[in-house]
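Number of protein chains: 2
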Amino acid sequence: MGLVSDKPITIAVDAMGGDDAPEPNVRGAIIAAEDPGLRIILVGDAAAIKPHLSDQPGNILIKHASEIIGMNEHPVKAIKKKKESSLVVAAKLVKDGEADALLSAGNTGASIAAGLLLIGRLGTVDRPAIATLFPTRKGFSLLLDVGANADCRPENLLEFAKMGAVYMEQMLEIPGPSVGLLNIGEESSKGNFLALRAHGLLQSSSLKFYGNVEGRDLPEGLTDIIVCDGFTGNIALKLMEGISIVIFEEIKGIVGKSWKAKVGAALLFSQFKALKKKLSPESYGGSPLLGVSGAVIIAHGSSSASAIANAINTAAQTVKHGVAEKIEKSLTPKKG
Amino acid sequence: MGLVSDKPITIAVDAMGGDDAPEPNVRGAIIAAEDPGLRIILVGDAAAIKPHLSDQPGNILIKHASEIIGMNEHPVKAIKKKKESSLVVAAKLVKDGEADALLSAGNTGASIAAGLLLIGRLGTVDRPAIATLFPTRKGFSLLLDVGANADCRPENLLEFAKMGAVYMEQMLEIPGPSVGLLNIGEESSKGNFLALRAHGLLQSSSLKFYGNVEGRDLPEGLTDIIVCDGFTGNIALKLMEGISIVIFEEIKGIVGKSWKAKVGAALLFSQFKALKKKLSPESYGGSPLLGVSGAVIIAHGSSSASAIANAINTAAQTVKHGVAEKIEKSLTPKKG
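Going down the list, the sequences are from chains V and D. Sequential numbering of the first sequence, starting at 6, is according to the working numbering. Sequential numbering of the second sequence, starting at 6, is according to the working numbering.
In structure tokens, the structure reads:
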């Protein structure tokens, strides 16, 4: 499983993507650049980037781009129209071989479109998918697709499972990772049309197929990988995020109620903070768009500098481990 | 909006349904029977029921049924084969007018099948749906469908919204409740095929349509009603359950770690317990299968006696408010 290459890895960062861009992107790049094996190209408005980069490390470069794609712009229209946008310019660096990976915390749909249309699908892949590592009681599970494909065919879910298996083998060093199918019952007879068919395909594949996992099983971490269509996966991922936020705010609310509770809360404060961080997928760095050339990593719009640094590291590891090349091979029906 | 009738309401309870049946069902019936306006028929193995009913109130009856449908039996096969099961006998009491409502904490699929096949759909309803009130930051939202229809057409989601509106108007006294469509983005251009079409239908309906709500919005309570297909709704509901369980267990774990934390936790203990209860859909009594004659209420398999009592009360209120009759009328295309 050794590393493909030891030469420096170049990450093109869409510096203008994200709710508070460019600051967290630039600060995240500075943290990540402590690794001398990385080269980071910050793509965006140079005048906006420079103030956050007073002491520019030698392995951080700036590539000026004059336009920005907004969070609510139509993805495909935006990347076609805004050719000078930070996202499009960054994607082209990957396309042209000047960078190995793209990272964006901006408009997710536009990042997917840039991956699919500008960087391009791998030859053997039908439908690239966004995969997210989320924290479970046992560690992590990889959930995919979480939003690249709103409608799926059963064959797509099999492909997602195979791509996810390569990712978990390479990145988390789990040989023969187990695969679960997100479904509404444990029995193979349960599910919608898509899940029923996908169950059959997964069952007869060479993957280590566990069977169906239900919504309540997601936080339990029953399997290394969980596959579903991008609609269901997106709802599930955002719901996990929303519930955690509300529960921790309720806990805060309790604390304000009485002096006694305040004493209790002060003692527990640091532990709750750690738990909140542990449960936040955002802490673990971005989500890869699996199935495209090179590496495309999508980060949360509200990513902090440390989340961006983690995502840059994820991008670099994805390149180092040759995830794209190994996915392309694993999906080739006949080895040439 | 007044009540349809003041005569006693009769609830047929599947006494043998649920993880710990019949005990919580019988104890729940005893609590609910404190309301003299209720008559409760406990349907099941009389020899198993009686030991929990030492002091039998006059408004609790026992109807013997010799068979039990297991939690993992095939729903339709089970209700066709086990004609002497507690569920089938209870459903027939409703069918024959001897009871006004059915409550079961047993095999959910079998309860749905009993509602659809034994009790029967309302004449104007195409696809009955399970609706669940879940707690939000602002109070409650009604989510449907959470499992009766794994595959849906756009028209079904419009029907779910209309049925949900009648339920919220009658049961929670919310006039003109707002409706949200569970989707993967705020914009009307987002979604899978189903959600895109359903958005158009909801937009041009006479309902108070809010637009799309995302997974992270569910706990925020942006709308009174949220519609989705039964696959997505089931995943979302069970995921909410699973996450709450894990977070509260993690909190327990933190507490054990240090003496200081123990002191803090002891002070906060009662508040956390209240929060956990508040966040548990199970506390609020069962979920109605909307769109069938009479009232069919489905309770969680792990329902406690108080959850069963709440569900019996929900069943009685559903009957008192004439929810089924009003749904039937609201879905008639032309008023006769």
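The beta carbon of each residue, even a glycine, is placed where N, CA and C say it ideally should be. Quick caveat, the model's predicted, so the values are computed rather than measured.
Rounded to the nearest angstrom, the gap between the Cα atoms of A51(V) and Y172(V) is 34 angstroms. The C-beta distance from T137(V) to S292(V) rounds to 4 angstroms, short enough to meet the 8 angstroms contact threshold. Here Q208(D) is exposed, its C-beta having fewer than 16 other C-beta atoms within 10 Å. G49(D) has its alpha-carbon roughly 4 angstroms from the corresponding atom of A70(D).
Selection K282(D), G296(D) and V297(D) evaluated against G290(D) yields K282(D) as nearest (Cα-Cα).
At a cut-off of 9 angstroms between beta carbons, E219(D) contacts chain V. With contacts defined by Cβ atoms closer than 9 angstroms, S183(V) and T228(V) form a contacting pair.
In this structure, P133(V) places its C-beta atom within 9 angstroms of the C-beta atom of V297(V). Ranked by Cα distance from V218(V), the first of L244(D), A118(D) and K167(D) is L244(D).
Annotation for A17(D): no alpha helix (DSSP H) segment contains it, though the beta strand (DSSP E) segment containing it runs I14 to D19. At least one CB atom of chain V sits nearer than 9 angstroms to the CB of T237(D).
Distance check between G23(V) and each of H305(V), H204(V) and L186(V) places H305(V) closest, using alpha-carbon atoms only.
Every unbroken stretch of the beta strand (DSSP E) spanning 3 or more residues and falling wholly within the stretch 212-263 of chain D is given here in chain order: 213-218 and 230-232.
The three-state reading of DSSP puts P62(V) in coil, since its state is none of H, G, I, E or B.
Straight across, the Cα-Cα distance linking E255(V) with T237(V) is about 27 angstroms. Closer than 8 angstroms at the C-beta level to chain D, one finds these residues of the stretch 73-87 of chain V: N77 and H79.
Among the residues of the stretch 131-148 of chain V, those with a Cβ less than 7 angstroms away from any Cβ of chain D are R142, in the order of the chain. Taking each of F145(V), P80(V) and I135(V) in turn and checking the Cα distance to L123(V), the smallest one comes out for P80(V). D229(D) is outside the set of residues whose beta carbon lies under 9 angstroms from a beta carbon in chain V. Against chain D, a Cβ distance below 7 angstroms from V251(V) picks out R142 and P224. Of the other Cβ atoms in all chains shown, 16 or more fall within 10 Å of the Cβ of E174(D); this residue is therefore buried. For P140(V), the enclosing beta strand (DSSP E) has its first and last residue at A134 to P140. For a cut-off of 8 angstroms, the C-beta gap from G299(V) to D19(V) is around 14 angstroms, too long to register as a contact. Distance from the CA atom of A241(D) to the CA atom of L92(V), rounded to whole angstroms, is 33 angstroms. According to DSSP, F145(D) shares a beta bridge with P140(D).
When C-alpha distances from E191(D) are compared across L199(D), H204(D), K100(D) and I179(D), the shortest belongs to H204(D). Contact residues of the stretch 194-213 of chain D toward chain V are S194, K195, G196, N197, F198, L199, A200 and L201 (C-beta to C-beta distance below 9 angstroms). The alpha-carbon of T15(D) is positioned some 58 angstroms away from that of P180(V). Proximity of F165(D) to chain V, defined by a Cβ-Cβ separation below 9 angstroms, is not satisfied. Under the three-state reduction of DSSP, E330(D) is assigned to helix. The residue among Q61(V), K82(V) and L206(V) with its C-alpha nearest the C-alpha of P159(V) is L206(V). DSSP places I73(D) outside both helix and strand once states are collapsed to three, so it counts as coil.
Counting other Cβ atoms within 10 Å of its Cβ, E103(V) stays below 16 and is therefore classed as exposed. In this chain, L47(V) is not harboured by any alpha helix (DSSP H); it is covered by the beta strand (DSSP E) spanning L43 to G49.
Under the three-state reduction of DSSP output, A34(V) falls in the helix class.
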